[in-house]
Ligand code: ADP
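In the numbering used here, the protein residues as written are 458 to 1102.
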């Protein structure tokens, strides 16, 4: 038996009547609620809707009419059928306000069992029918609403798909509450390398690098999104091929209308390029910083528009200021050495005016504002301009070159003093060799007189002594002559003009004609070029080289000497080659130094000044001299002289 759904309210102040009603209505298929007064009836009606209310009219505190009136005011009982149970005749009842109050029927006491049963049953059936209809309507409504909602949802979703699929720069996908991936858009495919079909349903951690997965970063991200409504991050992600890329992303939780969490949406953008760029920038900045620090450079940054100036701590230190001091353009000007200030200001004005291509490089002195120390600084800078060419930024570096400057000054002073003492030495050598000539001539002359006077009267020993003295005086004469010609090369202003090297060579051979004849030397020569230079010196150059070539011979064969010329770019290379004794190349550098000889005087006479004179002459002509030789294999002396057009 199904449990009755409908309720019937019986109101009577007499419990016997209520018992009677209970007995009569036991089988109408409704639940009976008994009320002993109007107040109880109202209370019961407040709780539920009744299929019918059986209401006694005559009741002590609140009669049936009043109760009916009050019942109508209740939401539940507004339309409930009320049946008055009365002992009054029907006509009289009509005069009551019963009908006006919506009473639908009257039952006379004493109550006829069957009538009451059928009436109540009718009302109960009616009520149930109405309830059914109501439920159906509600169901129908619900169904319709559901369809509508589904359609809306579908449309919304379709739109969302459209949007998500067309987002190009951002990878967009959804994560279900269990962490599975869905709705992988094409941008995701190109960013991560997974096709949608490959990744669908796979765990969100798939796209994270293992270190982060170990740290549960992916879960923390969802947790944060759930809590804060949004989780942003920037980190390495993993592509299908295992490569990594730097990406920024946002996770947002997706909730339905009831606030229930339905999953998450994640947006990702590949930022590797930016990251790389940032890293390159950072690396170059680091390099720059390291260079600046290790070179102990100060840096400065001037804004010509606002006039604001920033100095690094080192820059302040170089202006003799403490690290924490503030710097203005005036501070800078005040730090300049008074003698250098106008020059510096002028150069800055030039750089800012766009002259010199915005480049700025200058050396100047500063006087420490606090420590009063004078420093030499080397400052470099660059002016940056806007599209109209107006200066917007002037930045640069500053370097302490005080030590270098000091060393340079010392070097210059040393060179000056060396030059001075060299000049003194040269003039001393020149004077000495010149002044020695006269007494030497006297010695030679008197020696010849003595030789003639004692002719035939000298013993063997005396002859030997005499011979040695004459020899020594000859040597001394040669030495003074050589020294004089060498020292003349100093300080002598070179009188330069076109010189035909053929004539110079001719003259040298003429001067050496006696030696050539005595030695039986064979001399071959090329045609030589014209150059610019000093004729006398060039004659001497040839003369010294050829006389050495004749002198340093084995005496087993006759000297063979060749003089040739060859052009090499902008130089003439003149070569003087002999077939003499040669020398070890180990000494090739020192033979051009003053008084340096490789052979003893007893073997080969000489002053050791010939080749140094040659080098001096070649240097006067902006040229170079060197030799190539091997012992017993002859020597070649090369002279390179600039070509004159
Ligand atoms: P010296 O007056 O001694 O010849 P030089 O300055 O002309 O002085 O030469 C320096 C040294 O170089 C010589 O003493 C000799 O040992 C060596 N020398 C110069 N020319 C030749 C050469 N043609 N062959 C071998 N040795 C040479």
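C-beta atoms are modelled at their ideal positions from N, C-alpha and C, and glycine is treated no differently.
Could you check whether the stretch 1018-1031 touches the stretch 903-919, counting it as contact only if at least three pairs of C-beta atoms, one from each stretch, sit closer than 8 Å? no
Residue 958 beta carbon less than 8 Å from that of residue 985: yes
Does the Cβ of residue 1089 have 16 or more other Cβ atoms within 10 Å, making it buried, or fewer, making it exposed? exposed
Rounded straight-line distance, which links the Cα of residue 632 to that of residue 684: 16 Å
Taking the alpha-carbon of residue 937 as reference, which of 817, 767, 836, 894 has the nearest alpha-carbon? 894
Short Cβ contact (8 Å threshold) for residue 466 with residue 496: no
Comparing the CB of residue 1067 with every heavy atom of the ligand ADP, is any distance shorter than 7 Å? yes
For a minimum of 4 consecutive residues, which ranges assigned as the alpha helix (DSSP H) are wholly contained in the stretch 649-734? 653-656, 667-671, 674-685
Where residue 672 falls, given that 16 or more other Cβ within 10 Å makes a residue buried: exposed
Residue closest to residue 816, alpha-carbon to alpha-carbon, out of 859, 854, 468: 854
For residue 833: DSSP bridge partner residues: 822
Who are the near neighbours of residue 1156 in its chain, counting only those whose CB is closer than 6 Å to its CB and skipping five residues on each side? The first residue shown for the chain is 458 and the last is 1102, placing residue 1156 beyond what the model contains.
Residue 939 - containing beta strand (DSSP E), residue span: Where residue 939 is concerned, there is no enclosing beta strand (DSSP E), although the alpha helix (DSSP H) it sits in stretches over 917-945.
Entirely enclosed beta strand (DSSP E) segments - the stretch 840-864, minimum 3 residues: 848-857
Straight-line CA distance for residue 820 to residue 881? 35 Å
Would you mind giving the Cβ-Cβ distance between residue 1100 and residue 1024, rounded to the nearest angstrom? I have them listed as a contact below 8 Å. 7 Å
Taking the beta carbon of residue 595 as the centre, do at least 16 other beta carbons fall within 10 Å, making it buried, or is it exposed? exposed
One question on the structure: do residue 708 and residue 676 come within less than 8 Å of each other, judged by their Cβ atoms? no
Counterpart residues of residue 542 in DSSP-defined beta bridges: 513, 564
Identify which residue in 942, 653, 1072, 654 has its Cα closest to the Cα of residue 888. 942
Which two residues bound the contiguous alpha helix (DSSP H) that contains residue 506? Careful: residue 506 lies outside any alpha helix (DSSP H) and carries neither H nor E.
Which of the three DSSP states, helix, strand or coil, is assigned to residue 1044? helix
Considering only heavy atoms of the ligand ADP, does any lie closer than 7 Å to the CB of residue 968? no
Residue 519 by DSSP, collapsed to three states: which one? coil
Exposed or buried, which one is residue 476 when buried takes at least 16 other CB atoms within 10 Å? exposed
Below 7 Å, is the gap between the Cβ of residue 1104 and the nearest heavy atom of the ligand ADP? Nothing in the structure corresponds to residue 1104, since the chain is present only between 458 and 1102.
When you compare only the Cα positions, how much space is there between residue 642 and residue 775? 60 Å
Once DSSP output is grouped into helix, strand and coil, what is the label at residue 1064? coil
Proximity winner among 563, 712, 688, relative to residue 634 (alpha-carbon distances): 712
Would you call residue 925 buried or exposed, if buried means 16 or more other Cβ atoms sit within 10 Å of its Cβ? exposed
In terms of residues, what are the limits of the alpha helix (DSSP H) holding residue 1019? Here residue 1019 belongs to no alpha helix (DSSP H); instead the beta strand (DSSP E) covers 1017-1025.
Buried or exposed for residue 745, please, with buried defined as at least 16 other CB atoms from any protein chain shown within 10 angstroms of its CB. exposed
Take residue 1093 and list the residues in its own chain whose beta-carbon comes closer than 6 Å to its own, dropping the five residues that flank it on each side. 1032, 1034, 1085
Mind checking residue 1016: buried by the 16 CB within 10 Å criterion, or exposed? buried
heavy atom of the ligand ADP below 7 Å from residue 999 C-beta: no
If you draw a straight line from the C-alpha of residue 1045 to the C-alpha of residue 818, how long is it? 45 Å
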